[in-house]
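Some notes on the structure that comes next.
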Amino acid sequence: GENVEQHPSTLSVQEGDSAVIKCTYSDSASNYFPWYKQELGKGPQLIIDIRSNVGEKKDQRIAVTLNKTAKHFSLHITETQPEDSAVYFCAAPWKGSYIPTFGRGTSLIVHP
Amino acid sequence: EAGVAQSPRYKIIEKRQSVAFWCNPISGHATLYWYQQILGQGPKLLIQFQNNGVVDDSQLPKDRFSAERLKGVDSTLKIQPAKLEDSAVYLCASSLGTANEKLFFGSGTQLSVL
Chain A
180 GENVEQHPST LSVQEGDSAV IKCTYSDSAS NYFPWYKQEL GKGPQLIIDI
230 RSNVGEKKDQ RIAVTLNKTA KHFSLHITET QPEDSAVYFC AAPWKGSYIP
280 TFGRGTSLIV HP
Chain B
2 EAGVAQSPRY KIIEKRQSVA FWCNPISGHA TLYWYQQILG QGPKLLIQFQ
52 NNGVVDDSQL PKDRFSAERL KGVDSTLKIQ PAKLEDSAVY LCASSLGTAN
102 EKLFFGSGTQ LSVL
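Residue numbers (our numbering), protein chains in the order written: chain A, 180 to 291; chain B, 2 to 115.
Pasting the structure below:
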């Protein structure tokens with residue numbers, strides 16, 4: 180199976196609502212979990228990351244939570260704005276290496 | 002700080018033709034990655050370089066794909082001959098080191114194989 184599974188594939192919210200994207204990973208040795216945002220026609224850009232020694236990290240309207248026991252981590256966006264519309268990817272190291280393997284992505288649509 | 006530069010931005014070729022992509026990473030970044038992103042999917046690693054050496058190329062289809070980073074700076078990725086299923090965006094990324102660090106991506110080269 181895939182190293183990283185991401186859900187949902189599409190998420191549509193109204194401006195001001197919260198959005199949550201979830202990822203699960205298979206390698207219990209994984210210790211670094213970044214989230215990337217990709218806008219149309221651009222490469223992915225890191226928006227937040229978390230290491231396995233903490234359970235939560237926040238940066239203004241975005242936060243990431245990590246549950247190592249369950250091997251899943253989530254991206255939380257509060258007070259969504261139209262400019263948050265993009266594809267979001269989670270990633271986790273692959274087969275004990277430091278190379279990030281990406282999920283299939285979540286297309287977030289924020290309606291004004 | 003200049004970002005990761007890639008060229009060309011778009012390329013259209015016919016199957017069985019050859020194509021090459023170029024990448025210039027952020028100055029001082031030792032590690033360079035090539036990813037393939039098929040429409041609707043996440044980026045998939047093709048090859049990772051540290052300076053001018055290959056760290057991982059286990060997912061590179063070596064019968065048709067090749068990559069080099071001769072002087073440990075710029076890199077080229079080549080496909081010869083191209084197949085229809087190679088249609089994708091080819092992303093180059095760089096990072097300072099190799100251990101769980103932020104990747105900086107270029108805007109990619111969109112390849113269409115007809």
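Glycine is no exception: its CB is placed at the ideal position from the N, C-alpha and C atoms.
Of the candidates Ser231/A, Trp214/A and Ala249/A, Trp214/A places its Cα closest to the Cα of Asp238/A. In this structure Ser8/B is exposed. Its beta-carbon is surrounded by fewer than 16 other beta-carbon atoms within 10 angstroms. In its chain, beyond the 5 residues on either side, His30 have a beta carbon closer than 6 Å to the beta carbon of Leu97/B. Taking the C-beta atoms as reference points, Gly284/A is found nearer than 7 Å to Gly43/B. Pairing Val266/A with Gln217/A gives a Cβ-Cβ distance under 7 Å. Each residue's CA atom was taken as its position, placing Arg10/B and Gly222/A some 12 Å apart. A direct Cα-to-Cα measurement between Glu184/A and Tyr211/A gives close to 15 Å. Put simply, the backbone Cα of Ala21/B is about 43 Å away from that of Glu258/A.
Against chain B, the CB of Leu190/A has no partner CB under 7 Å away; the residue lies outside that interface. In terms of Cβ geometry, Leu47/B and Leu33/B do not form a close pair [threshold 7 Å]. Taking each of Leu219/A, Ile241/A, Glu262/A and Pro291/A in turn and checking the Cα distance to Ser108/B, the smallest one comes out for Leu219/A.
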